[in-house]
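A.B. asks: My questions will all concern the structure given below.
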């Protein structure tokens, strides 16, 4: 998981903004993130514009805290996000 993820305590979550060189790169990222979400069973909140995506990965509702599952998901998202990301 990159250092660009911000960990928040209340509510417990991980947040990151990805910026892309083009809308096509952003769309590719969203498509791959959707496939990863389906595979992992984790569904982050997304907000996006023409060249950016804001992502929030929430803690497990039962425990109220972040665990390895959310951190691993963030790492996997970083791996696909690095393909077209600017910052």
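In UniProt numbering, the protein residues as written are 1 to 87. Ideal Cβ positions, reconstructed from N, Cα and C, are used throughout, including at glycine.
#1: What are the complete alpha helix (DSSP H) segments, minimum 4 residues, inside the segment 23–64?
#2: On a Cα-Cα basis, can you pick out the residue from 19, 80 and 65 that is closest to residue 49?
#3: By how many angstroms is the C-alpha of residue 57 removed from the C-alpha of residue 66?
#4: Going by Cα to Cα distance, which pick from 21, 23, 14 and 53 is closest to residue 33?
#5: Under the three-state reduction of DSSP, which class applies to residue 163: helix, strand or coil?
C.D. replies: Inspection of the coordinates gives the following:
#1: 23–40
#2: Residue mapping note: residue 49 aligns to position 49 of the chain shown, counting from 1. Of 19, 80 and 65, the residue nearest in Cα terms is 19.
#3: Taking the chain shown and counting its residues from 1, the one referred to as residue 66 is at position 66. Taking the chain shown and counting its residues from 1, the one referred to as residue 57 is at position 57. Straight-line Cα distance between these residues: approximately 9 Å.
#4: If you number the chain shown from 1, residue 33 lands on position 33. Closest option to residue 33, Cα to Cα, is 53.
#5: Here the chain covers residues 1 to 87 and nothing more, so residue 163 does not appear.
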